[in-house]
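**Student:**
2 protein chains.
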Amino acid sequence: MPKENSSLHFDEMFCNGNVGSLFRVNKLIYSKQSKIQRIDIFETTDLGKVFALDGVIMLNERWEFTYHEMITHVPMFSHSNPKNVLVIGGGDGGTVREVLKHPSVEKVDLVEIDPEVIDACKKYLPSTASKLSDPRVSVYNEDGKGFVMRKHSEYDVIIVDSTDPYKGAGKSLFTEEFYTACRNALKENGVFSAEAENPVYDGKEMERCFNEMKKAFPMVKPYTAFVPMYPSGFWVFAYASKNVDPTFKGDESRIKKLASSLFYYNFKIHESSFVIPTFLGKLLE
Amino acid sequence: MPKENSSLHFDEMFCNGNVGSLFRVNKLIYSKQSKIQRIDIFETTDLGKVFALDGVIMLNERWEFTYHEMITHVPMFSHSNPKNVLVIGGGDGGTVREVLKHPSVEKVDLVEIDPEVIDACKKYLPSTASKLSDPRVSVYNEDGKGFVMRKHSEYDVIIVDSTDPYKGAGKSLFTEEFYTACRNALKENGVFSAEAENPVYDGKEMERCFNEMKKAFPMVKPYTAFVPMYPSGFWVFAYASKNVDPTFKGDESRIKKLASSLFYYNFKIHESSFVIPTFLGKLLE
Chain A
7 MPKENSSLHF DEMFCNGNVG SLFRVNKLIY SKQSKIQRID IFETTDLGKV FALDGVIMLN
67 ERWEFTYHEM ITHVPMFSHS NPKNVLVIGG GDGGTVREVL KHPSVEKVDL VEIDPEVIDA
127 CKKYLPSTAS KLSDPRVSVY NEDGKGFVMR KHSEYDVIIV DSTDPYKGAG KSLFTEEFYT
187 ACRNALKENG VFSAEAENPV YDGKEMERCF NEMKKAFPMV KPYTAFVPMY PSGFWVFAYA
247 SKNVDPTFKG DESRIKKLAS SLFYYNFKIH ESSFVIPTFL GKLLE
Chain B
7 MPKENSSLHF DEMFCNGNVG SLFRVNKLIY SKQSKIQRID IFETTDLGKV FALDGVIMLN
67 ERWEFTYHEM ITHVPMFSHS NPKNVLVIGG GDGGTVREVL KHPSVEKVDL VEIDPEVIDA
127 CKKYLPSTAS KLSDPRVSVY NEDGKGFVMR KHSEYDVIIV DSTDPYKGAG KSLFTEEFYT
187 ACRNALKENG VFSAEAENPV YDGKEMERCF NEMKKAFPMV KPYTAFVPMY PSGFWVFAYA
247 SKNVDPTFKG DESRIKKLAS SLFYYNFKIH ESSFVIPTFL GKLLE
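Protein sequences, first through last, are from chains A and B. Take any residue in the first sequence, note its place counting from 1, add 6, and you have its number in the working numbering. Take any residue in the second sequence, note its place counting from 1, add 6, and you have its number in the working numbering.
1. For H310(A), write down the residues that DSSP places opposite it in a beta bridge.
2. In or out: L34(A) buried (at least 16 other Cβ within 10 Å) or exposed?
3. From T253(A) to A222(A), what distance separates their C-alpha atoms?
4. Can you give me the C-alpha to C-alpha distance between M19(A) and E104(B), rounded to a whole angstrom?
5. Compute the Euclidean distance between the alpha carbons of A246(A) and Q39(B), then round it to the nearest angstrom.
6. Could you give the residue range of the beta strand (DSSP E) that holds S247(B)?
7. Who are the neighbours of P234(A) on chain B, taking C-beta pairs under 7 Å?
8. Could you tell me whether any Cβ in chain B is nearer than 8 Å to the Cβ of V281(A)?
9. Mapping DSSP to helix, strand and coil, what is P228(B)?
10. Around the C-beta of S110(A), are 16 or more other C-beta atoms found within 10 angstroms, so that it is buried, or is it exposed?
11. Since Y161(B) and N90(B) should fall inside the 8 Å C-beta cutoff, what is the C-beta to C-beta distance between them, to a whole number of angstroms?
12. Check each candidate in G287(A), C188(A), G100(A) and name the one with the smallest Cα separation from P205(A).
13. Roughly how many whole angstroms lie between the Cα atoms of N30(A) and T186(B)?
14. Work out the CA separation of A58(B) and P283(B) for me, nearest whole Å.
15. Can a CB atom of chain A be found closer than 8 Å to the CB of L268(B)?
16. May I ask you to list the residues that DSSP assigns as paired with E104(B)?
17. What do you reckon, are the CB atoms on I42(B) and I119(B) nearer than 8 Å?
18. To the nearest whole angstrom, what separates the beta carbons of V80(A) and Y229(A), a pair I think is in contact under 8 Å?
19. Just checking: is the beta-carbon of V145(A) within a distance shorter than 8 Å of some beta-carbon in chain B?
20. Please list the residues of the segment 42–65 of chain B that have a C-beta atom closer than 8 Å to any C-beta atom in chain A, keeping them in chain order.
21. Can you tell me whether L290(A) is buried or exposed? The criterion is at least 16 other CB atoms within 10 Å of its CB, across all chains shown.
22. Check whether the Cβ of I77(A) lies closer than 8 Å to any Cβ atom in chain B.
23. Give me the chain A residues within the contact set of I275(B), using Cβ-Cβ distance strictly less than 7 Å, ordered along the chain.
24. From the DSSP output, which residues share a beta bridge with V4(A)?
25. Buried or exposed: where does G239(A) fall if 16 or more other Cβ atoms within 10 Å of its Cβ makes it buried?
26. Using the C-alpha atoms, what's the distance from V143(A) back to S279(B)?
27. So, with DSSP's three-state summary, where would you put N90(A)?
28. Hey, could you find the ends of the beta strand (DSSP E) R189(A) is sitting in?
29. Classify D251(B) as buried or exposed, calling it buried when 16 or more other Cβ atoms lie within 10 Å of its own Cβ.
30. For Y73(A) versus L116(A), is the C-beta spacing smaller than 8 Å?
31. Taking E300(B) as the reference, give the member of N217(B), Y270(B), D170(B) with the closest Cα.
32. For S278(A), go through chain B and note every residue whose CB falls closer than 7 Å to its CB, in chain order.
33. Return the first residue and the last residue of the alpha helix (DSSP H) that V154(B) is part of.
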């Protein structure tokens, strides 16, 4: 560990290495090269523990709620009665934790390709991962695309909580083939959400992903949330379905029942998150 | 300048130095200690020129539109016919540029304490500063608080485009005394906006500012925008007035007339920017 007048830092560079975020590290908790990727978990002063894959931050404990609530509750409340849910990626368990807040849920399949992510998160990040041991949850350590291609009309909600589309494990999850498999794995009134990067440093990749998605789903809509733990803080999600419009007008009472466990999402946020800045609308139209 | 395999970086640290942003600098354009603060302007690859005061980034050319449109058009469109406008701070000229897009505007007073900021921005940042030479604009190089305390029932809109509240030039602009002077300087149906920091790294300071503002104005409402050039990207603004509710229902046609010159703000964004995440509502309620 460094001396008193120096410090250990973790930097995440993006935008071709031209811009980055810098975090003072109090303690390195876990650092391992799994068969698939490098896994790092470190302790910070203000953000709690930080979890990174291949040098890209997946979450910090202090602010992960913004991302996990918004990737989860927008599709979950858009569906009138979600029972069977599939989460692809998301081995940290944050999305599953949010899914399980819905009392209608009977079954959650989590497909996380890397078993060492599950192990590390269960051990060091119980605030997100402890719900992975819930009896309603089944964890599958395999490629998400292969898994979903075997499923037909089975899920009410599919959530793609993946790494970035550029490389590695997440790459196959941003293709027309994958999105078509997701559509087929959904029931007729099923709904879908996916993380879709930020328009500040990844605008072109985002545009490509939405174009792929539109080939698979008749209804695709971007929505946004403040996710301060990711580059630029300006996060875009994709909502998709065969026929379920997400901009509902009702069921405020169902949301209010979960209110005490929600810190970002609320009834008005649901609808307003689909209102996007002009430049983003033009990029994705 | 650095060799090919090294680079010059600018870092902005926040959160007590525990978190920061890092930018590769292609070229240092301007760096000077004025009587008030250090002024830096440097060139980057993807963000255009970056302008910083005392090491805190004020803008980058690529993304300044999000901040300048939202601090300006929310109050400007909340007022039915803004003619006389006061901008406090904002020596880069971005806010004045947005104000002047409104054809009703007859007169803009800009109070920027540091004349060297004006000079540097006019020379190196014409994309924001060129409108400071518009005949409707008067620039006053003095303390914003002293200026506004001499004014009574004069302005339709007051916009406080200041530096941070912690120290230096911006400090006096986050007090009850200053906000009361702004209220008195507004006409009866006048409206007010101010930058109000981010809740991720400055939650306590933000809470204090809103509490001061509520002592001066009967109506104070937070609204938000993605401002990727600032820490966390999650920016909060304060709207205040004696009696004008900002969540209008009409005048979409007035907004549409400016549509071709707006890249972030639109009719729906106006209203949705006042919908805030649950935790922020609790912090500021």
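No residue lacks a Cβ here, since even glycine has one placed at the ideal position from N, Cα and C.
**Tutor:** According to the structure data:
1. Outside the shown range of chain A (7 to 291) lies residue 310(A), about which nothing can therefore be said.
2. In the first sequence, counting from the first residue as 1, residue 34(A) sits at position 28. With fewer than 16 other Cβ atoms within 10 Å, it is exposed.
3. The sequence position of residue 253(A) within the first sequence is 247, counting from 1. The sequence position of residue 222(A) within the first sequence is 216, counting from 1. One C-alpha to the other measures close to 20 Å.
4. Counting from 1 along the first sequence, the entry for residue 19(A) is found at position 13. Counting from 1 along the second sequence, the entry for residue 104(B) is found at position 98. Roughly 32 Å separates the two Cα atoms.
5. For the purposes of this step, residue 246(A) is identified with residue 240 of the first sequence, where counting begins at 1. For the purposes of this step, residue 39(B) is identified with residue 33 of the second sequence, where counting begins at 1. Roughly 53 Å between the two C-alpha positions.
6. Here residue 247(B) refers to the residue found at position 241 when the second sequence is read from its first residue. Taken as a continuous stretch (DSSP letters only), the beta strand (DSSP E) holding S247(B) covers 240–247.
7. Position 228 of the first sequence, counted from the start, is the residue given in the question as residue 234(A). Ordered by position in chain B, the residues that pass the 7 Å Cβ test against P234(A) are V206, S238, G239, F240.
8. As a working mapping, residue 281(A) is identified with position 275 in the first sequence. V281(A) counts as touching chain B.
9. Indexing the second sequence from 1 puts residue 228(B) at position 222. It is a strand residue.
10. Working through the first sequence from its first residue, we reach residue 110(A) at position 104. Classification for S110(A): exposed.
11. Residue mapping note: residue 161(B) aligns to position 155 of the second sequence, counting from 1. Residue mapping note: residue 90(B) aligns to position 84 of the second sequence, counting from 1. The Cβ separation is near 5 Å, so the contact holds.
12. Working through the first sequence from its first residue, we reach residue 205(A) at position 199. The option with the nearest alpha carbon to P205(A) is G287(A).
13. The residue labelled residue 30(A) in the question sits at position 24 within the first sequence. The residue labelled residue 186(B) in the question sits at position 180 within the second sequence. In the sequence as displayed, the identity of residue 30(A) is Arg instead of Asn. Approximately 40 Å between the Cα atoms of the pair.
14. Taking the first residue of the second sequence as 1, we reach residue 283(B) at position 277. Taking the first residue of the second sequence as 1, we reach residue 58(B) at position 52. In a straight line, the C-alpha of P283(B) is about 30 Å away from that of A58(B).
15. Position 262 of the second sequence, counting from 1, holds the residue named residue 268(B). It does: the Cβ of L268(B) has a partner Cβ on chain A nearer than 8 Å.
16. As a first step, residue 104(B) must be located in the second sequence, where it is residue number 98. Answer is none; E104(B) lacks a bridge partner.
17. Translated into the one-based positions of the second sequence, residue 42(B) becomes position 36. Translated into the one-based positions of the second sequence, residue 119(B) becomes position 113. Yes.
18. Counted from its first residue, the first sequence places residue 80(A) at position 74. Counted from its first residue, the first sequence places residue 229(A) at position 223. That belief holds up - the Cβ atoms of V80(A) and Y229(A) are roughly 6 Å apart, short of 8 Å.
19. The residue labelled residue 145(A) in the question sits at position 139 within the first sequence. By this cut-off, V145(A) is not an interface position.
20. T50, T51, D52, L53
21. What you label residue 290(A) is simply residue 284 of the first sequence in a count that begins at 1. It counts as buried.
22. Stepping through the first sequence from its first residue, residue 77(A) is reached at position 71. Not closer than 8 Å to any Cβ of chain B, the Cβ of I77(A) fails to qualify, so no.
23. As a first step, residue 275(B) must be located in the second sequence, where it is residue number 269. Here the neighbours are V281, P283.
24. The first residue shown for chain A is 7 and the last is 291, placing residue 4(A) beyond what the model contains.
25. Numbered from 1 along the first sequence, position 233 holds the residue referred to as residue 239(A). G239(A) is buried by the Cβ-count criterion.
26. The residue given as residue 279(B) occupies position 273 in the second sequence. The residue given as residue 143(A) occupies position 137 in the first sequence. In a straight line, the C-alpha of S279(B) is about 37 Å away from that of V143(A).
27. Here residue 90(A) is taken as the residue at index 84 of the first sequence, counted from 1. Note: N90(A) maps to strand in three-state DSSP.
28. Stepping through the first sequence from its first residue, residue 189(A) is reached at position 183. Note, R189(A): premise wrong, no beta strand (DSSP E); alpha helix (DSSP H) at 182–191.
29. Position 245 of the second sequence holds residue 251(B). Looking at its Cβ environment, which holds fewer than 16 other Cβ atoms inside 10 Å, D251(B) is exposed.
30. In the first sequence, residue 73(A) corresponds to position 67, counting from 1. In the first sequence, residue 116(A) corresponds to position 110, counting from 1. Contact: no.
31. Residue coverage of chain B in this structure runs from 7 to 291, which leaves residue 300(B) outside it and unanswerable.
32. Your numbering for residue 278(A) matches position 272 in the first sequence. Under the 7 Å cutoff, chain B gives S278, V281.
33. Position 148 of the second sequence, counted from the start, is the residue given in the question as residue 154(B). Per DSSP, V154(B) belongs to the alpha helix (DSSP H) from 150–155.
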